[in-house]
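Since the structure comes first, as structure tokens, the remarks are kept for the end.
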Amino acid sequence: MKNASGESFAKIILIGEHAVVYGQPAIALPVKSIRLTATLTADSDQRIQSSFYAGSLHGAANTNFAGIADLISALLKHFHASKQGFLLTIDSALPPERGMGSSAACATAVVRAFYAAFDAPLSRAQLLEWTATSEHAIHGNPSGLDAATTSADRPQWFVKGQAPVPIQFPKNGTLVIADTGIAGQTKIAVASVADHLATDPAQTDASIEAIGMATVFAAKALAEDDLLALGEQMDQAQTQLKALGVSNEALDRLIQSAKQNGALGAKLTGSGQGGCMIALATDPTHAAHIRRALRDAGATATWQYDFGEERTN
Ligand code: MEV
């Protein structure tokens with residue numbers, strides 16, 4: 001094994017979360033300014049150093065790092081190196097449990113680091129297979145969207161079970177991302193939507209389909225550089241996410257503040273019940289104004305993402 005590293009990015013779901021678990025499309029983007037790096041160096045023990053967990057590989061069982069630890073053991077087995085000593089250092093700028101895909105980003109970077117350390121080529125399909133296994137262990141019933149986005153270098157159109165398709169973003173438009181400061185767990189939020197489906201199938205199905213339609217219209221708006229229409233679809237999606245019970249008071253407060261400050265659309269992003277929200281601004285100056293308002297309304301951190309960054313021409 002040689003010393004090597006792997007990288008991944010924060011993910012933001014523009015639209016389609018939760019409904020994507022039930023086969024509807026979603027649009028998500030990697031945020032390259034918020035990244036995670038996994039670095040492997042040879043060592044006499046099998047050790048992990050990170051803000052998620054620090055200690056031996058063996059000692060990670062029964063911690064919140066157990067899913068990634070199982071992934072590491074499976075990777076070592078795959079490379080016939082179960083006894084290989086290593087120090088795995090994970091540096092992450094992604095806040096955990098905030099809907100930015102930190103577990104998927106961690107799995108992605110770890111798989112990339114191990115393949116690089118063993119000099120093995122890694123296809124996108126292989127990478128997504130590895131991360132699907134660890135995401136299942138961590139989240140129960142993931143769509144695969146988080147792993148597909150944290151490992152991507154462009155915005156993606158995603159349907160569960162299909163290869164993600166890169167999607168072109170408009171030249172203008174800026175997304176503001178704001179953290180409620182409240183942890184939200186994907187596994188619990190996804191299970192709560194499943195409970196809604198069991199107790200009120202007609203209403204829940206209608207919300208899931210409405211989010212799917214909003215995503216289709218959002219893709220059309222992106223293709224036509226129509227920020228007003230995109231904002232409307234984000235608002236539509238938020239109405240349905242609220243009906244599914246995955247928004248909460250802190251998210252609603254930030255969303256309301258963004259709208260009062262001229263956001264074209266605003267919604268939660270990721271699994272909700274805490275975590276982050278996004279707001280669509282016309283340009284970086286408008287975004288800076290919304291960010292200030294969100295901080296005044298209680299956001300613990302804000303970021304911004306200009307659509308123009310992602311254009312290929
Ligand atoms: C979590 O980032 C997104 C969800 O749609 C779950 C999933 O797609 O696996 C809530």
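Take 1 as the starting number for the sequence shown in UniProt numbering and just add one per residue.
C-beta atoms are modelled at their ideal positions from N, C-alpha and C, and glycine is treated no differently.
Because the structure is a prediction, the values reported are computed rather than measured.
Check, Outcome
"Under three-state DSSP, which class holds VAL193?", "helix"
"Using a threshold of 8 Å, state whether the C-beta atoms of LEU40 and LEU88 are closer than that.", "yes"
"Excluding five sequence neighbours on each side, which residues of the same chain lie with their C-beta closer than 7 Å to the C-beta of PHE9?", "PRO30, VAL31, LYS32, ILE34, ARG35, ALA105 and THR150"
"For GLY275, I'd like the list of residues in its chain whose CB is within less than 6 Å of its CB, leaving aside the five on either flank, ordered along the chain.", "ARG98, GLY99 and GLY184"
"How is GLN84 classed by DSSP in three states: helix, strand or coil?", "coil"
"What residue range does the alpha helix (DSSP H) around ALA297 cover?", "First-last for ALA297: undefined, no H or E at that position."
"Taking 7 Å as the cut-off, is the C-beta of GLU129 nearer than that to any heavy atom in the ligand MEV?", "no"
"Using only CA atoms, which one of ILE27, SER134, ARG291 and GLY173 lies nearest to LYS160?", "ILE27"
"Return the first residue and the last residue of the alpha helix (DSSP H) that GLN260 is part of.", "249 to 260"
"What did DSSP end up calling SER103 once you bin it into helix, strand or coil?", "helix"
"Is the beta carbon of ASN261 closer than 8 Å to that of VAL190?", "no"
"Tell me whether the region 170 to 177 and the region 123 to 131 touch, counting them as touching only if at least three CB pairs, one residue from each stretch, are closer than 8 Å.", "no"
"Determine whether the beta carbon atoms of PRO155 and PRO166 lie at a separation below 8 Å.", "yes"
"Apply the 10 Å Cβ neighbour rule to LYS77 and answer buried if 16 or more other Cβ atoms are within range, or exposed otherwise.", "exposed"
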